[in-house]
Structure formats: structure tokens, C-alpha cells
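Trainee:
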Amino acid sequence: MNIKPLGDRVVIKRLEAEEKTKSGIVLPGQAKEQPMMAEIVAVGPGAVEDGKTIPMEVKTGDMVIFSKYAGTEIKYDGEEYTIVSQRDILAIVG
Amino acid sequence: MNIKPLGDRVVIKRLEAEEKTKSGIVLPGQAKEQPMMAEIVAVGPGAVEDGKTIPMEVKTGDMVIFSKYAGTEIKYDGEEYTIVSQRDILAIVG
Amino acid sequence: MNIKPLGDRVVIKRLEAEEKTKSGIVLPGQAKEQPMMAEIVAVGPGAVEDGKTIPMEVKTGDMVIFSKYAGTEIKYDGEEYTIVSQRDILAIVG
Amino acid sequence: MNIKPLGDRVVIKRLEAEEKTKSGIVLPGQAKEQPMMAEIVAVGPGAVEDGKTIPMEVKTGDMVIFSKYAGTEIKYDGEEYTIVSQRDILAIVG
Amino acid sequence: MNIKPLGDRVVIKRLEAEEKTKSGIVLPGQAKEQPMMAEIVAVGPGAVEDGKTIPMEVKTGDMVIFSKYAGTEIKYDGEEYTIVSQRDILAIVG
Amino acid sequence: MNIKPLGDRVVIKRLEAEEKTKSGIVLPGQAKEQPMMAEIVAVGPGAVEDGKTIPMEVKTGDMVIFSKYAGTEIKYDGEEYTIVSQRDILAIVG
Amino acid sequence: MNIKPLGDRVVIKRLEAEEKTKSGIVLPGQAKEQPMMAEIVAVGPGAVEDGKTIPMEVKTGDMVIFSKYAGTEIKYDGEEYTIVSQRDILAIVG
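Right, dumping it as C-alpha cells:
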């Protein structure tokens, strides 16, 4: 993929329901913040604070839980992706 | 459990009413902020501030009091968990 | 008491009206912010700022004035307590 | 007085109208922020910022102008006092 | 004048319309923020940031333009003054 | 182009729909934040934080995805441009 | 001009429509933020952060684009000027 997120952003690909079941995690449809699962496909260099770059905690290939309403959706080569800040990623799975 | 929270987040398992009574703590149902008890099952690496990681104050196995409305609920292997920031944990019990 | 508050939080026990009178302080019932008196029964390690822990200004046994609407109420061994941030404690009495 | 304010708070005693006139200052009754005069009767140790205590600018006995709506009123030995942050004190008089 | 402002506050005396005309500046009556002219009559020691006092940019006697709605009005020896933060002073004139 | 953005701002030229298709990216018309593609035509020196200039992550000629509602539109030599902060640029493409 | 802006403020003189056309820039009348062109006629010393003065990016004589709703309008020697923070200046032209 030739999309390079800026700062602490990442590009993620949302997982379909069947894939979630295989990984053992099911996210409730009516949860208050509606978390979702996704795979990280591109990672930014990290946010800069006081002149220092904060290393990212996630890497390409990580399966993550993120807040459904976070981020911006884009379409690339016919597939849908979401660009989110790492702050909106709650946890790495597996 | 193979869920690794990011930053200062933790994964917690809420306690049932009977378990609370055994520990000697009862949380009132109509309290203003509705605190609840839970067990910590996974702990993030800690928030990063000015390039330094702040060590976490809680560890796996701790029984904690947290604010009911905080966090995001997930289902994992048929059990319900909540991912919350350590900021929303008020105290360790026992 | 086996409750350890996190960060700059403390556990306090509210004083009854008669106890207040003995200490020489009376807090008006209709005050704008409704301050109340309490005894500190447990103290957190202190907030962390820029990697340094800020020492707490209060200690167990201190009688304090705090803002009535601050904090979270819990019940422990049949008694009611409140968990508040030290920021919501206005002064030490005596 | 045995009340020790925390952080950058001070305990003040509001002045009556006649006292104000003697000091040469009259505060208008309909001013937008309704400033008032008071005497400082107790001073906190100062706020802590980045691990350093910021020295207080006021001391016991100072006559000050403060914003009327700031602070919390308490009654002590039959007298009324107000606990305010030093941030709400505009100036020292005399 | 025996009023010592705290922090980065200053005491100012508003100018009458005729005085403004002499200085060559006229401030429009219907301006969006309604700027006004005033003379600085007392200056605070400066705000404290990270333990360091920031030197003040204005001094007693300076003619300044400030935002009309800023500050707190007081009456002193029969004259009206305003206490404002230096942040609300836009420019020095002359 | 003789427009020099200040701070961490950049001047961008929005791409037409056909150009987007060629690059392989299609941005959905009803996306929640309506991202758009653009080419960077001028870059500011970078924001200043604690006295240090933060280097920019983008450069002239980069194709970027940005949030549609961000920035200020200007017309220059008959062409339309947008001035945005680098914070509103989500990713570099290609 | 004898107006010295404080902090990171500048005094600017708005350009008339004809002047804009000569410089090759036309600003749309219905733009979302309504940018305007102006010439810088006075520059403040710069904002102070952590005890250090941040150097200004603009200087007297610069032609700039700024947000129309920013700043405070004043009249000086029969001419209208605007005092704005450098933060509200988007770019230097030419």
C-alpha cells in the first residue's frame, strides 16, 4: 500500500464479522462506544512532542480494537480503509 | 488473555454482586457516579509524556473500583470485559 | 482499611454535624459550593507529572474541608466513604 | 486560626463597608464582576508545577481585592470566612 | 497609588474621548471588540511559568489600547480604575 | 508560487475527480468527514514549540489526503488554492 | 507609526480590492473563513513561552493573508487599522 499516514495516524482495514468470530472476539452491536476490529495496514512515524518523536505502539499486521466513530474512511483500489489516530486504538489482539 | 491494551489502558472483568459482598465492599446502586468493582486482567505499557513512559499503578489480578460509565465493553471467548484508561480507576482494594 | 487510592486521590470519612461543632467549624447548609468536613482515612501515592511524583499535602488522620459535590461514594464494612482527588480538598483543620 | 489551606489557596475575611471607606477604596455595587475587599488570614504553601512549589504573592495580614463570586464560604468560631485560590485575588491594597 | 496588582495584572485609568483625539487615535464606537485607551497606573510582578517570572511588557505611564470588556472596575479615592491582565492589552501607543 | 505559509501551514491545490481515479484512490462523496485529495504547492517553516521548530512531514509536490472542511480558500492567478495546517493532512499518497 | 503591539500581535492595514488584483491574488467574497489581504505596519516582540521569546515570522512591509474576523479594528490619524495575533495570519505573499 502506498499511503503513508502523518504523525501518529495509522491506516486500518476493518474486519468482517466472520473474521472476528475466528479470532475469539465478538464486539457487541449495541455497545456504548461501538468498538470494532481491524488490521493495521500502514503506520505513521509517530507524533512529535517537545521536538522528540514518540515511537508508535502498533505495527503493520497488528489486529486491533478501535472506536467505530473514530477516523476518516477512504477507498483505495476498490477497497475501503480508515485513517485513525493511534489514540483511538484501544488494544492489540493476539 | 491475548489482548494487550495500548497506552495507560487496562482490560477489566466486572465483579458480580455476590463477589463484592465477600470482599467487604458494597457499592450503592444510586451513587452519583455509580462506581463498580472489577478485576484487572491485562495492563497497558503506560502513557508516554515528554518522551518518558509513566509506570502503571495497577497490575494484573488487582481488584479495583472504577467509574461505571468509563470505558468500552468487548466480548472475548464468550465473556464480557471492559477496556478503560487507568485514569478512570479510583482505587485498589485489598 | 485496605483501600489504596490511585494517583492524588484520598479516601475520606464525612463527619457528622456534632463532630463539626466540637472542632469549632460550622459549615453553612446553603453555601454556594456546600463545603463539608471529613477525616482522611487513606492517601494515594500522588499524581505523576513529567515523570515525577508530586508529594501529597494531606495524610491519614487529617481533618479536612472539601467540596460536597466532589468524589465518588462507596460503602465498606457497612460504613460510607468518599474517594476524592486532593484537588477537591480546600484546607486542613486543626 | 488553625485552618491551613492547600495548594495556592488562602483564607480571607471579607471587610465591612465602613472599613473599605477608611482605606480609600470603594467597590461599586453593580460592577460586572463585583470585586470585594478582604483581609488574608491564612495562606497555603503554593501550587506545585513541574515538581517546584510556586511561592505565594500574598501573606497573612494583606488587604486584597478579590472577585466576589470566587471561593467557598465557611463559618469558624462564629465568624464567616472564604477560601479562595490566589488566582482569584486581583491586587494587594496599601 | 497603593494598589499592587498580582501576577501579570495591571491597574489602568481609562482615557476620556478628548484625550484620545489629542493622541491621534480614535477608537470606533461600534467596533466588534470595542477597544479603549487607558494609561497604566500600576503594574504586577509578572506571571510565573515553570518557576520563572515572565517580565512585564508594559510599565507605569504607558498609554495602551485594551479590550473594553476585559477586567474588573474599582473605585479608589473617588476615581474609577480597571484591573486587567496584560494579555488583554493589545498595544502601547506613542 | 510566491505564497509562503506561516507556521505549520501548507498551500494545497485540490485534485479533480479524474486525477483521483488515476492514482487509484477514490474518496467517497458521503464519507463522515469528507476527505479530499490535493497536491502540496507551498510549505511553511514548521510550528515552533518550546523554542524549537518542528520539521514539516510534507514537501512541495506531495499528493495528500486532507479533511474537506479544513482550511481557507484563496484564488491566485485565476486558480483556487487552500491554506491548511499540516495537522489537517491525514496521509501522503504514492 | 507609533503603535507597538504586545506579544505576538501585529498592526495591519487592509488592502483595497484594486490593490489585491495587482498582486495577482483574488480572495473570494463568499469563502468559508473570508480571508483578506493586508500590509503589516507594526510588529510585536513575539510571544514568550517557557521564558523564551519566540521570534516573529513576519516583518513590517510584508503583504499577508489573514482571517477577516480576526483582530480588533482601530482608527489612527484618520486611517483604519487592525491589531491581530500572528496566529491569525495564514501566509506572506510575494
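Protein chains in written order, with our numbering: chain D, -7 to 86; chain H, -7 to 86; chain Y, -7 to 86; chain U, -7 to 86; chain B, -7 to 86; chain X, -7 to 86; chain V, -7 to 86.
Think of the CB as a built atom: it goes at the ideal place given N, C-alpha and C, for glycine as much as any other residue.
Between V/K5 and V/E31, which are expected to be in contact by the criterion C-beta below 8 angstroms, what is the C-beta distance as a whole number of angstroms?
Mentor: So it is a contact: roughly 5 angstroms between Cβ atoms.
Trainee: Look at the alpha carbon of Y/V76 and the alpha carbon of D/I57, and state the distance between them as a whole number of angstroms.
Mentor: Taking the straight line joining both Cα atoms gives about 32 angstroms.
Trainee: By the criterion of Cβ-Cβ separation under 7 angstroms, what are the contact partners of H/P27 in chain D?
Mentor: Simply none; closest approach about 17 angstroms.
Trainee: If we ignore side chains and look at the alpha-carbon of each, how far apart do H/I66 and Y/T64 end up?
Mentor: Between H/I66 and Y/T64, the C-alpha separation is close to 25 angstroms.
Trainee: Apply the 10 Å Cβ neighbour rule to U/E8 and answer buried if 16 or more other Cβ atoms are within range, or exposed otherwise.
Mentor: Per the 10 Å Cβ criterion, exposed.
Trainee: Where do the ends of the beta strand (DSSP E) carrying D/I32 lie?
Mentor: Start and end: P27 to V35.
Trainee: Residues of chain X with a CB under 7 angstroms from the CB of V/K44: which are they?
Mentor: Within chain X, the residues near V/K44 are G43.
Trainee: Closest Cβ-Cβ distance between X/S77 and chain D: below 8 angstroms?
Mentor: Cβ-Cβ to chain D under 8 angstroms: no for X/S77.
Trainee: Any beta-carbon of chain H closer than 8 angstroms to the one on Y/R1?
Mentor: For Y/R1, the answer is yes, since a Cβ of chain H falls inside 8 angstroms of its Cβ.
Trainee: Taking U/E49 as the reference, give the member of U/K(-4), U/P(-3), U/V3 and U/I84 with the closest Cα.
Mentor: When only C-alpha atoms are compared, the closest one is U/I84.
Trainee: Just curious, the beta strand (DSSP E) that Y/I66 is in, first and last residue?
Mentor: Where Y/I66 is concerned, the enclosing beta strand (DSSP E) stretches over T64 to Y68.
Trainee: What's the C-alpha gap between Y/P47 and Y/P37?
Mentor: Each residue's Cα considered, the two are about 7 angstroms apart.
Trainee: So X/I(-5) contacts chain V; which residues on that side make the cut at Cβ distance below 7 angstroms?
Mentor: Per Cβ cutoff of 7 angstroms: A83 and V85.
Trainee: Using the beta-carbon count (16 or more within 10 Å), is Y/D54 buried or exposed?
Mentor: Under this definition Y/D54 is a buried residue.
Trainee: Among residues of its own chain, excluding the 5 on either side of H/I17, which ones have a beta-carbon nearer than 8 angstroms to its beta-carbon?
Mentor: These residues qualify, in order along the chain: M29, I57 and V85.
Trainee: Answer with yes or no whether the minimum CB distance from Y/E8 to chain H is below 8 angstroms.
Mentor: Judged by the 8 angstroms Cβ criterion, Y/E8 is not in contact with chain H.
Trainee: Roughly how many angstroms separate the alpha carbons of X/A23 and D/A62, rounded to a whole number?
Mentor: Low confidence applies here, because X/A23 scores a pLDDT of 44, under 50, leaving its location unreliable; read the following figure in that light. So the two alpha carbons sit approximately 12 angstroms from each other.
Trainee: Which residues share a DSSP beta bridge with H/P(-3)?
Mentor: H/P(-3) pairs with D/A83.
Trainee: Closer than 7 angstroms between beta carbons: that is the criterion. Which residues of the segment 51 to 74 of chain H meet it against chain D?
Mentor: Here the close residues are T64, E65, I66, K67, Y68 and D69.
Trainee: Take V/P27 and list the residues in its own chain whose beta-carbon comes closer than 8 angstroms to its own, dropping the five residues that flank it on each side.
Mentor: Excluding sequence neighbours, V/P27 sits near L19, I57, F58, S59, K60 and L82.
Trainee: How would you call X/G(-1), buried or exposed, if buried means at least 16 neighbouring beta carbons within 10 angstroms?
Mentor: Buried, because 16 or more other Cβ atoms sit within 10 Å of the Cβ of X/G(-1).
Trainee: To the nearest angstrom, how far is it from the Cα of V/V33 to the Cα of B/Q78?
Mentor: Using only the alpha carbons, I get a separation of about 22 angstroms.
Trainee: Determine, using beta carbons only, whether U/A23 comes closer than 8 angstroms to chain B.
Mentor: At U/A23 the pLDDT is 44, less than 50, meaning the model places this residue with poor confidence; the figure from the coordinates comes in the next sentence. Answer yes: the Cβ-Cβ gap between U/A23 and chain B drops below 8 angstroms somewhere.
Trainee: Answer with yes or no whether the minimum CB distance from Y/V40 to chain H is below 8 angstroms.
Mentor: Yes, contact with chain H.
Trainee: Would you report the Cα separation of V/T(-7) and B/Y68, rounded to the nearest angstrom?
Mentor: In the sequence as displayed, the identity of residue -7 of chain V is Met instead of Thr. The straight-line gap from Cα to Cα measures roughly 34 angstroms.
Trainee: From the beta carbon of U/I49, is the nearest beta carbon of chain B less than 8 angstroms away?
Mentor: The amino acid at residue 49 of chain U is misidentified as Ile; the sequence shows Glu. Yes, because at least one Cβ of chain B sits closer than 8 angstroms to the Cβ of U/E49.
Trainee: What span of residues does the beta strand (DSSP E) with X/I46 cover, start to end?
Mentor: First-last for X/I46: undefined, no H or E at that position.
Trainee: Are X/D42 and V/D42 touching if we call contact CB-CB under 8 angstroms?
Mentor: Going by C-beta atoms, X/D42 is nearer than 8 angstroms to V/D42.
Trainee: Flag Y/I17 as yes if its beta-carbon sits less than 8 angstroms from any beta-carbon of chain U, otherwise no.
Mentor: Interface residue, yes.
Trainee: In its own chain, which residues sit with a C-beta less than 7 angstroms from the C-beta of V/T45, not counting the 5 before and 5 after it?
Mentor: Hits under 7 angstroms: P37 and G38.
Trainee: Let me know the secondary structure DSSP gives B/K24 once reduced to three states.
Mentor: Because the pLDDT of B/K24 is 45, which lies under 50, any placement of that residue in the model is unreliable, and the number read from its coordinates should be weighed accordingly. The answer is coil: DSSP assigns B/K24 none of H, G, I, E or B.
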